[in-house]
Amino acid sequence: MEIVITESYEEMSKRAAQEVANLLNTKPNAVLGLATGSTPLGLYRELIRMHKEEGLDFSQVITFNLDEYVGLPKEHPQSYHYFMNENLFKHINIPPQNIHIPSGTTSNYKAFCQWYEDRIRQCGGIDLQILGIGADGHIAFNEPTSSLGSRTRIKTLAQQTIKDNARFFDRPEDVPRYAITMGVGTILEARKIILLANGKGKSDAVAAAIEGPVTSMCTASALQLHPNVMFILDREAASKLKMIEYYEWIQANLPGAPKS
Ligand code: F6R
Numbered sequence: 733m734e735i736v737i738t739e740s741y742e743e744m745s746k747r748a749a750q751e752v753a754n755l756l757n758t759k760p761n762a763v764l765g766l767a768t769g770s771t772p773l774g775l776y777r778e779l780i781r782m783h784k785e786e787g788l789d790f791s792q793v794i795t796f797n798l799d800e801y802v803g804l805p806k807e808h809p810q811s812y813h814y815f816m817n818e819n820l821f822k823h824i825n826i827p828p829q830n831i832h833i834p835s836g837t838t839s840n841y842k843a844f845c846q847w848y849e850d851r852i853r854q855c856g857g858i859d860l861q862i863l864g865i866g867a868d869g870h871i872a873f874n875e876p877t878s879s880l881g882s883r884t885r886i887k888t889l890a891q892q893t894i895k896d897n898a899r900f901f902d903r904p905e906d907v908p909r910y911a912i913t914m915g916v917g918t919i920l921e922a923r924k925i926i927l928l929a930n931g932k933g934k935s936d937a938v939a940a941a942i943e944g945p946v947t948s949m950c951t952a953s954a955l956q957l958h959p960n961v962m963f964i965l966d967r968e969a970a971s972k973l974k975m976i977e978y979y980e981w982i983q984a985n986l987p988g989a990p991k992s
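For reference, each letter of the sequence shown is one residue, going 733 to 992 in the working numbering.
Here's what the structure looks like:
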């Protein structure tokens, strides 16, 4: 695991954008796994800037999003389709046919989930997966006790997640109860994973994910099993890490470390 501690949300976002740009510069047809939520907004803003000002090219990029609410049509302002279009896709030159987001309105969820898994494989697998983390340690919508081997499927949202989402909907009964989400097992097959976290509210989840036991009670802890994971954190999100001095010492000395 590589732990990068930054001083601000902007620095965290720029560091992540640099990783994406480095990948696209060496592999212009890379497959990216993308997340929604407030955390990656700064990353998406920076990628848009790089596209507009520095010519970062998305014309061959393929994307797969982690999740979508069941029952929300693409045009719904709270759908992840809408979110991705507004916050990234409509501002860059990615061909629409290269974008994959789980369908919240398919008539056959089981078949759709299988198709999504197959499609990731057909595209050569995910080169770089971007993740956020929930306050309860979830990645994508893999709520606590999700199987660490899980695949793309329908997941019942935790009561806390439903409560947290209520503010975005007019009536409590409109808040989605289910999501379609990549599984932990699906995520672990990405070649590289970058988890972003900022703010105090994420500090317990980050500490549990990096330094706690591998447990389905914190599905992000499964990332400890992955050979190529980078956590990019701001100082608040990193504040409960017991080994913080060690991570910072490594960060400061990294250029001097032996290269294989
Ligand atoms: C979103 C997703 C979620 C979020 C997590 C953090 O696609 O998969 O796991 O990454 O809930 O959300 P924010 O970033 O809003 O704190």
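Glycine included, every Cβ here is placed at the ideal spot set by N, Cα and C.
Open item on the list: Let's test the definition: count the other Cβ atoms within 10 Å of the Cβ of N797 and tell me whether it reaches 16, buried, or not, exposed.
Closed with: Here residue 797 is taken as the residue at index 65 of the sequence shown, counted from 1. Result: buried.
inquiry  = Would you say the beta carbon of I831 is closer than 7 Å to some non-hydrogen atom of the ligand F6R?
reply    = By 1-based counting over the sequence shown, the position of residue 831 is 99. Closer than 7 Å to some heavy atom of the ligand F6R: that does not describe the Cβ of I831.
What is the DSSP secondary structure of T947, counted as helix, strand or coil? Translated into positions along the sequence shown, residue 947 becomes position 215. Strand at T947.
- Item | Cβ-based burial, Y979 [other Cβ within 10 Å; buried from 16] | As a first step, residue 979 is located in the sequence shown; it is residue number 247 there, counting from the start. Under this definition Y979 is a buried residue.
Query raised in the report: For I1070, does the three-state DSSP call read helix, strand or coil?
Result: No answer is possible for residue 1070: it lies beyond the span of the chain, which begins at 733 and ends at 992.
* Under three-state DSSP, which class holds A843? -> Translated into positions along the sequence shown, residue 843 becomes position 111. Look at A843 here: in three-state DSSP terms it is helix.
| Are F963 and V736 close, meaning C-beta to C-beta below 8 Å? | For this step, residue 963 is matched to residue 231 along the sequence shown. For this step, residue 736 is matched to residue 4 along the sequence shown. Yes, the pair counts as a contact, with Cβ atoms nearer than the cut-off.
field: Unbroken alpha helix (DSSP H) run spanning N757, endpoints
entry: Taking the sequence shown and counting its residues from 1, the one referred to as residue 757 is at position 25. DSSP places N757 inside the alpha helix (DSSP H), whose first and last residues are 741–758.
Looking at C-beta atoms only, is the number of pairs between the segment 788–804 and the segment 950–957 that lie closer than 8 Å three or more?
Verdict: no, contact absent.
Determine, using beta-carbon pairs with one atom in the segment 917–932 and one in the segment 853–863, whether at least three such pairs fall under 8 Å.
-> By the Cβ rule, the segment 917–932 counts as touching the segment 853–863, because three or more pairs are nearer than 8 Å.
Less than 8 Å between the beta carbons of K887 and N874, yes or no? By one-based count along the sequence shown, residue 887 stands at place 155. By one-based count along the sequence shown, residue 874 stands at place 142. Cβ distance < 8 Å, so K887 and N874 count as in contact.
_Span separating the alpha-carbon of G857 from that of R923_ = Along the sequence shown, one-based indexing puts residue 857 at 125. Along the sequence shown, one-based indexing puts residue 923 at 191. Going by the C-alpha atoms only, they are around 8 Å apart.
Problem - Beta-ladder partner(s) of N713, from DSSP - result: Residue 713 cannot be examined here, being either before or after the span of the chain that is shown, 733 to 992.
So, for E943: in the same chain, excluding its five sequence neighbours on each side, which residues have a beta-carbon less than 8 Å away from its beta-carbon? For this step, residue 943 is matched to residue 211 along the sequence shown. Cβ within range, chain order: L973, K974, M975.
Problem set entry | Burial state of S986, where buried means 16 or more other Cβ atoms lie within 10 Å | Against the sequence shown, residue 986 aligns to sequence position 254. Here residue 986 is Leu; the residue named in the question, Ser, does not match the sequence. The residue in question, L986, is exposed, as its Cβ has fewer than 16 Cβ neighbours within 10 Å.
Pair within 8 Å by beta-carbon distance, A748 and M782:
As a first step, residue 748 is located in the sequence shown; it is residue number 16 there, counting from the start. As a first step, residue 782 is located in the sequence shown; it is residue number 50 there, counting from the start. For the 8 Å CB-CB criterion, A748 and M782 do not form a contact.
Review point. According to the neighbour-count rule (16 or more other Cβ atoms, all chains shown, within 10 Å of its Cβ), is D850 buried or exposed?
Key: Within the sequence shown, the letter at position 118 stands for residue 850. D850 counts as exposed, since fewer than 16 other beta carbons sit within 10 angstroms of its beta carbon.
Close Cβ partners of G881 (< 6 Å) along its chain, the five nearest in sequence each way excluded
Counted from its first residue, the sequence shown places residue 881 at position 149. Result list for G881: G917, in chain order.
- Query: With which residues is K924 paired in a DSSP beta bridge?
  - Reply: Looking up residue 924 in the sequence shown gives position 192. DSSP lists L860 as the beta-bridge partner residues of K924.
- L863 CB to nearest heavy atom of the ligand FAD below 7 Å: Although the ligand FAD was asked about, the structure shown includes only the ligand F6R as ligands.
Range covered by the beta strand (DSSP E) that runs through I865:
Your numbering for residue 865 matches position 133 in the sequence shown. From DSSP, I865 is part of no beta strand (DSSP E); its letter is neither H nor E.
Q.
Within 10 Å of its beta-carbon, does T738 have 16 or more other beta-carbons around it, so buried, or fewer, so exposed?
A. Here the question's residue 738 lines up with position 6 in the sequence shown. Taking a 10 Å sphere around the C-beta of T738, we find 16 or more other C-beta atoms and assign the residue as buried.
(Q) Taking 7 Å as the cut-off, is the beta-carbon of G866 closer than that to any non-hydrogen atom of the ligand F6R? (A) Here the question's residue 866 lines up with position 134 in the sequence shown. In this structure, the C-beta of G866 approaches the ligand F6R to less than 7 Å from one of its heavy atoms.
C-alpha distance - S745 paired with P772, whole-angstrom precision: Working through the sequence shown from its first residue, we reach residue 745 at position 13. Working through the sequence shown from its first residue, we reach residue 772 at position 40. The straight-line gap separating the alpha-carbon atoms of S745 and P772 is approximately 7 Å.
For C845, which residues of its own chain have a beta-carbon under 6 Å away from its beta-carbon, when the five flanking residues on both sides are left out? As a first step, residue 845 must be located in the sequence shown, where it is residue number 113. Around C845: T884, R885.
If you reduce the DSSP assignment to three classes, tell me which class K972 lands in. Translated into the one-based positions of the sequence shown, residue 972 becomes position 240. DSSP places K972 in coil when its eight states are reduced to three.
Exercise. At what residues does the alpha helix (DSSP H) containing K895 begin and finish?
Worked result: Taking the sequence shown and counting its residues from 1, one reaches residue 895 at position 163. K895 -> alpha helix (DSSP H) spans 891–897.
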